[in-house]
Structures are given as C-alpha cells and as structure tokens.
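Numbering (our numbering), first residue to last: 245 to 507. Encoded as structure tokens, the structure appears first; notes follow it.
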Amino acid sequence: MTPTRFTIGRRLALVLGTILVLFLVSCLYGIVQLRAVTQEMNTMLNTSLAKERAASDWYRNITNGAQRVAAIAKSSDPSLADFFAATAAESSKQSSALQQQIEKMLDSDAERALFAQIGENRKAYLSTRDEVSRLKKEGNAEATARAFSERYEPASVNLQKTMARMADLQRSELDAAGERIRAASQAATGLLTALCVGSLLLAALLAWRLTVSITRPLAEARQVAEQIAAMDLTGQDHGRHATDETGMLLRALASMRGALEAR
C-alpha cells in the first residue's frame, strides 16, 4: 500500500525509484548471465574445441602414417622407404607438436591418464615403424613382413585406438559444454523473463496505488468544493485525512465549510 503519510513528491520519487531499481536489477542479472554464457563459450572454443581439433589432426597423422608403413612393408620396391622418409619425418614433427599442444590443455585426470597411455603407445609405434623401414631398406622381405605383422600392426592398432578414445573424449567434452551453454541460456532466459514480468507487474501495482492515492482524495476535494460553491454546507467532515497535500486540501475545505456555517 502506498504510504499516504508521505508527500506526493516523495511518493512519486519512491515509485519511480523502485521502478528504476527493478530495471537496474533486471539489467544486472542479464549482464551477469550473459557473461557466464560467454565465459562458457570461450572455454569451449579456446580449450575443448582446440583439444578436439588437435586430437583429430594427430589421429589423422597416425592413420596416414600407418598407411605409408603398410605400403612400404607390402611393396616389393625397397626404395619406397626412402621415398616416404621426408613425409614420415614431417608427420612425426607435426605429431610431436600436437602432442605438446594437447598436453598443455589437459584439465582432468581421465585425460592425463589417457594421454600417458598414448605416449607409451606412440613410443612403441615409432620404434616398430623405424624397424620396418630399416628392414625394408636392407632388402630383407621376410624380416620386414614379420616385423610388420607381429610388432608394427599391434602397436599401430593400439595407438590408433587410444587416439580415437582421446578424440571421442574431447567430442564428449564439447557436447557437454554445448549442453551447459544451452541449459544456462534457457535458465537465464526463463529467470530474466520472470524477473521482467514480475518487475512490470510490481511497477504497475505501485503506479496504480500511487494514482489512487492522489486521484481519490482529489475527487473528494472536488466534490466538497462544488458543494461549497453551491452553498451546500450540509456535508460532514469524517476527520480522517492523509498527511499529504490532498489531505491538507481536504482539511482546508472542511475549515472553509465550517467557517461559512458559523456565519
């Protein structure tokens, strides 16, 4: 209820101030939620997405390398190992860079454990890959085939499996981050909508109470003034008036009527 003991100016200031505070609270809440969503998006783009891309690139290097080694082992041309040597070296260089990049971005125990397993599998993979290339250069076809099937292929499969798990883990993190962003956005939208609607209803209620607290006494004052103007002094003052300007006006009119009656 609007406090009629305050002056009209103070009541106007109170209602307008309340509306402005509600508007400010709504804006601040929207800003806070927007920053939270933006921070989550930045984390997803700068960390999760970067790890997923690095893991995918590394996995692609490994699969391409496995195809090259298979071609070297299966080919009857011993010079094929030298032909792919530069490409293999560049691929290993890129993979090492990607390995270091991913290592810096690891942020969970599951990732670190899987990354350590990948490191061990990569050592075995590189060792058997170099062995196959060396035997091929020496022209030992039987030893090359045996090294390829018994040592390289298992090492390659193990490395590709662990790399695939790493890529899947990063995709799962991306999906989870996307779900968190979607949930935060929906929650923020719902709460902000409720806050705006509540603020609007409260502002409307305050405005209505303010209007009633002013117009009702003014209507009563107009009626009293019209009665006095018509020299109708039969009205009775109930004696209960607000302490604001409208109450002062009604008391003044009551005094005027009393003075006229005394004549």
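The beta-carbon is built from N, C-alpha and C at its ideal position, and this holds for glycine as well. From a predicted model like this one, the values you see are computed outputs, not experimental measurements.
Would you mind sorting residue i into buried or exposed? The rule is 16 or more other CB atoms within 10 Å of its CB.
{"i": "residue 237", "result": "There is no way to answer for residue 237, as the model of the chain reaches only from 245 to 507."}
{"i": "residue 475", "result": "exposed"}
{"i": "residue 430", "result": "exposed"}
{"i": "residue 414", "result": "buried"}
{"i": "residue 365", "result": "buried"}
{"i": "residue 342", "result": "buried"}
{"i": "residue 264", "result": "exposed"}
{"i": "residue 461", "result": "buried"}
{"i": "residue 503", "result": "exposed"}
{"i": "residue 442", "result": "exposed"}
Can you list, in chain order, the residues of its chain whose CB lies under 8 Å from that of residue i, leaving out five sequence neighbours each side?
{"i": "residue 422", "result": "288"}
{"i": "residue 245", "result": "With a pLDDT of only 46 at residue 245, under the threshold of 50, the placement of this residue in the model should not be trusted, and no figure is reported."}
My output table needs one value for residue i: the three-state DSSP class, helix, strand or coil.
{"i": "residue 474", "result": "coil"}
{"i": "residue 461", "result": "helix"}
{"i": "residue 328", "result": "coil"}
{"i": "residue 292", "result": "helix"}
{"i": "residue 319", "result": "coil"}
Taking residue i and residue j to be in contact with their CB atoms under 8 Å, please state how far apart those CB atoms are, rounded to whole angstroms.
{"i": "residue 332", "j": "residue 312", "result": "6 Å"}
{"i": "residue 349", "j": "residue 405", "result": "Rounded, the Cβ-Cβ distance is 21 Å, inconsistent with contact."}
{"i": "residue 444", "j": "residue 259", "result": "Not confirmed; about 14 Å, so no contact."}
{"i": "residue 472", "j": "residue 494", "result": "At roughly 12 Å, the Cβ-Cβ gap does not stay under 8 Å, so residue 472 and residue 494 are not in contact."}
{"i": "residue 403", "j": "residue 293", "result": "About 23 Å; that fails the 8 Å criterion."}
{"i": "residue 284", "j": "residue 428", "result": "6 Å"}
{"i": "residue 372", "j": "residue 330", "result": "Incorrect: roughly 20 Å between the Cβ atoms, too far for contact."}
Please go through the same chain and pick out, in chain order, the residues whose beta-carbon is closer than 7 Å to the beta-carbon of residue i, but skip the five residues on each side of it.
{"i": "residue 262", "result": "450"}
{"i": "residue 446", "result": "266"}
Please go through the same chain and pick out, in chain order, the residues whose beta-carbon is closer than 6 Å to the beta-carbon of residue i, but skip the five residues on each side of it.
{"i": "residue 274", "result": "436"}
To test your reading of the DSSP string, which unbroken alpha helix (DSSP H) runs of 4 or more residues are found completely within the segment 341-398? 353-382 and 385-391
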